[in-house]
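K.L.:
Structure incoming, see below.
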Amino acid sequence: MARTADPARRVELVDEIIDRLAESGLASFSLRTLAAALGRSTRVLTHHFADKEALLLAVLERLDERQHQALAATPGWDDPAVGIGSIVAAAWDRHLDPAELARTRLVQEIEGLAAAGRLAGHVPAFVAGRARFVADALVRRGLDPDDALTRATLLNNAYAGLQADRLTTGDQQRTGAALEMLCALADSWTD
Numbered sequence: 001m002a003r004t005a006d007p008a009r010r011v012e013l014v015d016e017i018i019d020r021l022a023e024s025g026l027a028s029f030s031l032r033t034l035a036a037a038l039g040r041s042t043r044v045l046t047h048h049f050a051d052k053e054a055l056l057l058a059v060l061e062r063l064d065e066r067q068h069q070a071l072a073a074t075p076g077w078d079d080p081a082v083g084i085g086s087i088v089a090a091a092w093d094r095h096l097d098p099a100e101l102a103r104t105r106l107v108q109e110i111e112g113l114a115a116a117g118r119l120a121g122h123v124p125a126f127v128a129g130r131a132r133f134v135a136d137a138l139v140r141r142g143l144d145p146d147d148a149l150t151r152a153t154l155l156n157n158a159y160a161g162l163q164a165d166r167l168t169t170g171d172q173q174r175t176g177a178a179l180e181m182l183c184a185l186a187d188s189w190t191d
C-alpha cells in the first residue's frame, strides 16, 4: 500500500527544489537530474509529484506563496498611510539581497521562458496572481478595484523590467534612479 504524501514534507521538498533550481536553472532540468542533485531518488519526487509539470506547478505556487508572505510582512503593507513606493523599494532591496538573488533570477528565468513560449502551463496565473495581490494593497489605499488592477499590472511589469535590466547590466545607479521614479509614480496614485 502506497504511503500518503505528508503535506509539510512536500513543502520542505519544494523549498529544496526551488533552492536547487535557483542554482542550476530551469531550462534543462529533468526529474532524474534534479533528484540526483538533491541526493534523492526519482521515486521521492514522483511520490510527491505526478510528473515534471506537477512539480513545476508546485514550484510556481510556492514561489508565489513566499513572495506574498514577504510582501505582506513588509512594514506598512496593510497600512493605507504608508505609500506603496516604500513597499516597492523594500521589495527591490529584498530581491537583490545576496541571500535572495538566486531565487530572483529563477523567477526572471521562469517569466522569460514563458514569454518565449518554452514553458507551458501555469505561468500566466503566476503573473496575474501577483497583479491581483498588489492591486489589493492599492485598493486598501483608496483606488477603485479595476483601476488598482491596471496600475498593479503596470507597476509589476515596470518593476520586473527594471529588475531584469539590473540583473543583466549590473548598473545600480541607472536602475536605482529609475526605481525611485517608479516608486514616486506609484505613490502619486494614492496621494
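Counting from 1, position 93 in the sequence shown corresponds to residue 93 in the UniProt record's numbering; the numbering is continuous, with no gaps.
Where a beta carbon is used, it is the ideal one built from N, C-alpha and C, also for glycine.
(1) Could you check what DSSP says for ARG20 in three-state terms: helix, strand or coil?
(2) Could you please give the first and the last residue of the uninterrupted alpha helix (DSSP H) stretch that includes VAL134?
(3) Quick one: Cα of ARG40 to Cα of ILE17, how far?
(4) In chain order, what residues of the same chain have a beta carbon less than 8 Å from the beta carbon of ASP171, not counting five sequence neighbours either side?
(5) Thinking C-beta only, is THR74 closer than 8 Å to ALA91?
(6) Which one of LEU34, ALA177, LEU106 and ALA116 has the shortest CA to CA distance from LEU55?
(7) Out of ASP191, LEU162, ARG132 and ASP187, state which residue places its alpha-carbon closest to the alpha-carbon of ALA178.
(8) Hey, LEU21 and LEU106: beta-carbon distance below 8 Å or not?
(9) Could you tell me which whole alpha helix (DSSP H) segments of length 4 or greater appear in the segment 4-88?
(10) Between ASP187 and GLY83, is the Cβ-Cβ spacing less than 8 Å?
(11) Does ARG118 come out as helix, strand or coil in the three-state DSSP assignment?
(12) Taking 8 Å as the threshold (C-beta atoms), are GLY76 and CYS183 in contact?
(13) Which residue's Cα is closest to the Cα of ALA88: HIS47, ARG151, ALA37 and LEU155?
P.N.:
Per the coordinate set shown:
(1) Mapped onto the sequence shown, residue 20 falls at position 20. In the structure shown, ARG20 sits in a helix (DSSP, three-state: H, G or I).
(2) By 1-based counting over the sequence shown, the position of residue 134 is 134. VAL134 -> alpha helix (DSSP H) spans 123-140.
(3) Working through the sequence shown from its first residue, we reach residue 40 at position 40. Working through the sequence shown from its first residue, we reach residue 17 at position 17. Approximately 11 Å, taken between the alpha carbons.
(4) Position 171 of the sequence shown holds residue 171. Correct list, in chain order: ASP165.
(5) Within the sequence shown, residue 91 is the residue found at index 91, counting from 1. Within the sequence shown, residue 74 is the residue found at index 74, counting from 1. Yes, the pair counts as a contact, with Cβ atoms nearer than the cut-off.
(6) Stepping through the sequence shown from its first residue, residue 55 is reached at position 55. Checking every option, the nearest Cα to that of LEU55 belongs to LEU34.
(7) Translated into the one-based positions of the sequence shown, residue 178 becomes position 178. By alpha-carbon distance to ALA178, the top candidate from ASP191, LEU162, ARG132 and ASP187 is LEU162.
(8) In the sequence shown, counting from the first residue as 1, residue 21 sits at position 21. In the sequence shown, counting from the first residue as 1, residue 106 sits at position 106. Contact: yes.
(9) Entirely contained in the segment 4-88, the alpha helix (DSSP H) runs reaching 4 residues are, in chain order, 7-24, 31-38, 42-48 and 52-72.
(10) For the purposes of this step, residue 187 is taken as the residue at position 187 of the sequence shown. For the purposes of this step, residue 83 is taken as the residue at position 83 of the sequence shown. Going by C-beta atoms, ASP187 is nearer than 8 Å to GLY83.
(11) Residue mapping note: residue 118 aligns to position 118 of the sequence shown, counting from 1. In the structure shown, the three-state DSSP call for ARG118 is coil.
(12) Start at 1 with the first residue of the sequence shown, and residue 183 comes out as number 183. Start at 1 with the first residue of the sequence shown, and residue 76 comes out as number 76. No; because the gap between Cβ atoms is not below 8 Å, this pair is not in contact.
(13) By 1-based counting over the sequence shown, the position of residue 88 is 88. Looking at the sequence itself, residue 88 is Val, so the reference to Ala does not match. Nearest neighbour of VAL88 by Cα position, chosen from HIS47, ARG151, ALA37 and LEU155, turns out to be LEU155.
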